[in-house]
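Reading the sequence shown from the start, the letters are residues 7 to 241 in the numbering used here.
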Amino acid sequence: MTPDHVPPFARRMRDAADLVWEQGYRQPFLRELGAGTLARERFAFYLLQDFRYLTDYAKVHALAVTKTDDPEVMAYMIQVQRNILDVETTVHRAYMAGYGITEEQMLSVRQSAFARAYTSNILSIAYARPLVDIMVAVLPCAWVYADYGRRLAREFADTLEGNPYRSWVDMYRTDEFWQGSVWLIEHIERLVADLSEERRQELIDIFVTGVENEYMFWASAYEMQYSWRPEWDRG
């Protein structure tokens, strides 16, 4: 499986989200990150918000474990939590140290309204909905990052060597990272096989909402915006 060749239901979800997915890749945060011109303070804002996001993302996977007795699924969800805590947050801490931001600041940063809307949505799904809904809710984060990482690496290949954000691109461009999406897509495909068209549409809506939240996460990071209206920001 490749990002461009996925099973039928995954293709339906991806097609339904195509407009915001493609606009997400073209928005200023990603364009400037790929070119290496993104302002340091914008990237620092993003990293702090993403650090907060990943904490809730790990909790969603922990809740998913309670929705299944399948050892393979449980092992996957636990591994994602381990990756978040041992790998991705390590990268964030390394970046933050370069910006002079302390561990205390990372742990106390206020979550933006946009990040809170995103994590509140996936947490509510994790608490109240079946396993397949949770898998669909977490898929946008995994799939969007894998796709954008690969595309940025290809598009900016000639200048990536000197890009200060190369390590970020390198982390998400790998086949290893993409395999997390592959696992989810394959399992979702099996779980939707016997579902009604109404239930399938509900899942597509969950997926599209997730991609929309990904867009808003990048956009609010670029604007360094905590609140729905900038004048409400308290920093």
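Even glycine gets a Cβ: it sits at the ideal position worked out from N, Cα and C. Owing to the predicted nature of the structure, the values given are computational and were not obtained by experimental measurement.
ask   = When you compare each of Pro9, Pro13, Tyr178, Gly42 to Leu197 by their alpha carbons, which one comes out closest?
value = For the purposes of this step, residue 197 is identified with residue 191 of the sequence shown, where counting begins at 1. Distances from the alpha-carbon of Leu197 to those of Pro9, Pro13, Tyr178, Gly42 put Pro13 closest.
request  = Could you tell me which of Asp139, Met222, Trp174 sits nearest to Ile210, measuring between CA atoms?
outcome  = Here residue 210 refers to the residue found at position 204 of the sequence shown. Nearest of Asp139, Met222, Trp174 to Ile210, Cα basis: Asp139.
task = Within 10 angstroms of the Cβ of Leu60, are there 16 or more other Cβ atoms? Answer buried if so, exposed if not.
result = Stepping through the sequence shown from its first residue, residue 60 is reached at position 54. It is buried - the Cβ of Leu60 has at least 16 other Cβ atoms within 10 Å.
query = Are there 16 or more other CB atoms within 10 angstroms of the CB of Arg141, so buried, or fewer, so exposed?
reply = Within the sequence shown, numbered from 1, the residue matching residue 141 stands at position 135. Sequence inspection shows Met at residue 141; the Arg mentioned does not correspond to that position. With 16 or more Cβ atoms within 10 Å of its Cβ, Met141 is classed as buried.
message = Bridge partners for His11 per DSSP, in chain order?
response = As a position in the sequence shown, residue 11 is number 5, starting the count at 1. The partner list for His11 (beta bridge, DSSP) reads Thr8.
ask   = Quick check: the region 64-72 against the region 185-205, are there 3 or more CB pairs under 8 Å?
value = Taking 8 Å as the limit for Cβ pairs, the verdict is that the region 185-205 does not touch the region 64-72.
task = With Gly186 as the anchor, note down where its alpha helix (DSSP H) starts and where it stops.
result = Taking the first residue of the sequence shown as 1, we reach residue 186 at position 180. Looking at the DSSP string, the run of the alpha helix (DSSP H) that includes Gly186 is 181-197.
key: Straight-line gap, Gly168 to Gly42 (C-alpha atoms, nearest Å)   = Position 162 of the sequence shown, counting from 1, holds the residue named residue 168. Position 36 of the sequence shown, counting from 1, holds the residue named residue 42. Their Cα atoms are separated by approximately 8 Å.
inquiry  = Contact defined as beta carbons within less than 8 Å: I believe Gly30 pairs with Glu220. What is the distance between those atoms, to the nearest angstrom?
reply    = The residue labelled residue 30 in the question sits at position 24 within the sequence shown. The residue labelled residue 220 in the question sits at position 214 within the sequence shown. With a Cβ gap of about 6 Å, Gly30 and Glu220 count as contacting.
ask   = Candidates Asp76, Pro146, Arg58: which alpha carbon is nearest Glu110's?
value = As a working mapping, residue 110 is identified with position 104 in the sequence shown. Out of Asp76, Pro146, Arg58, Arg58 has the C-alpha closest to the C-alpha of Glu110.
task = Indicate the three-state DSSP secondary structure (helix, strand or coil) for Tyr101 in the structure shown.
result = Mapped onto the sequence shown, residue 101 falls at position 95. Three-state result, Tyr101: helix.
key: Integer Cβ distance of Ala1 from Tyr178, believed to fall under 8 Å   = Beyond the ends of the chain as shown, which are 7 and 241, falls residue 1; an answer cannot be given.
message = Does the region 79-88 come into contact with the region 20-35, if we say contact requires no fewer than three beta-carbon pairs (one atom in each stretch) closer than 8 Å?
response = no
ask   = Beta carbon of Ala119, beta carbon of Ser233: below 7 Å?
value = As a working note, residue 119 is residue 113 in the sequence shown. As a working note, residue 233 is residue 227 in the sequence shown. Using a Cβ distance threshold of 7 Å, Ala119 and Ser233 count as a contacting pair.
request  = Give the secondary structure of Gln207 by DSSP, where H, G and I count as helix, E and B as strand, and everything else as coil.
outcome  = Position 201 of the sequence shown holds residue 207. Of the three classes helix, strand and coil, the one that applies to Gln207 here is helix, per DSSP.
ask   = Relative to the C-alpha of Pro9, which residue among Leu145, Arg135, Thr72 is closest?
value = The sequence position of residue 9 within the sequence shown is 3, counting from 1. The shortest Cα separation from Pro9 among Leu145, Arg135, Thr72 belongs to Leu145.
request  = State the DSSP-derived secondary structure class of Arg235, mapped to helix, strand or coil.
outcome  = Your numbering for residue 235 matches position 229 in the sequence shown. Here Arg235 sits in coil by DSSP.
task = Kindly give me the distance between the Cβ atoms of Thr74 and Leu158, rounded to whole angstroms, as I take these residues to be in contact under 8 Å.
result = Within the sequence shown, the letter at position 68 stands for residue 74. Within the sequence shown, the letter at position 152 stands for residue 158. The Cβ separation is near 34 Å, so there is no contact.
Burial state of Arg235 (16 or more Cβ within 10 Å) = In the sequence shown, counting from the first residue as 1, residue 235 sits at position 229. Exposed, since its Cβ has fewer than 16 Cβ neighbours within 10 Å.
request  = Can you tell me the Cβ-Cβ gap for Ile90 and Tyr63, rounded? I've got them flagged as a contact below 8 Å.
outcome  = Taking the first residue of the sequence shown as position 1, residue 90 is located at position 84. Taking the first residue of the sequence shown as position 1, residue 63 is located at position 57. That belief holds up - the Cβ atoms of Ile90 and Tyr63 are roughly 6 Å apart, short of 8 Å.
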